[in-house]
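Worksheet: one structure, shown below.
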Amino acid sequence: SEVGFVVERIDYNPAPAFWNWTGHSLLKSWGMKGLADFLFPPVDYQKNNLKNFLAAGTFTMIDIAIKLFTGTTSNMAVVLRKPDSR
280 SEVGFVVERI DYNPAPAFWN WTGHSLLKSW GMKGLADFLF PPVDYQKNNL
330 KNFLAAGTFT MIDIAIKLFT GTTSNMAVVL RKPDSR
């Protein structure tokens, strides 16, 4: 590679919070801020309650299905290694 590292592994992981933020942004951009705040709370998403649990579970399942069909998700983790210079 150009910077001298070797790609060891690339993983794609579910990222339910990104779905929440996207849903909030879309509804807000359509002039539905109240509905956006109710359905996709931008700040309270991490609170422990049933609504957030169900949303996170649903969004995780969506990401898993996308990964099954495409091999990727929106959240990428890359492990790089600096080659031995011996």
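The opening residue of the sequence shown carries number 280 in the numbering used here; numbering runs sequentially from there.
Cβ coordinates follow ideal geometry from the N, Cα and C atoms, glycine included.
Please read all numbers here as calculations on a predicted model, not as lab measurements.
In this structure, does DSSP put residue i in helix, strand or coil?
i	result
N292	strand
N328	coil
Any heavy atom of the ligand MG closer than 7 Å to the Cβ of residue i?
i	result
F319	As for the ligand MG, it is missing from this structure, which has no ligand bound.
Since residue i is in the alpha helix (DSSP H), which residue starts that stretch and which ends it?
i	result
G313	K312 to L318
In the DSSP assignment, the beta strand (DSSP E) including residue i goes from what residue to what residue?
i	result
V358	N354 to R360
Round the Cβ separation of residue i and residue j to the nearest angstrom and send it over; I've been treating them as touching at under 8 Å.
i	j	result
I343	P293	6 Å
L306	L314	5 Å
N331	Y291	With 8 Å as the limit, N331 and Y291 do not qualify as a contact, their Cβ atoms being about 23 Å apart.
L333	V286	About 36 Å; that fails the 8 Å criterion.
*Assess, as a yes-or-no matter, whether the stretch 308-324 is touched by the stretch 337-357 under the definition of 3 or more beta carbon pairs within less than 8 Å.*
no
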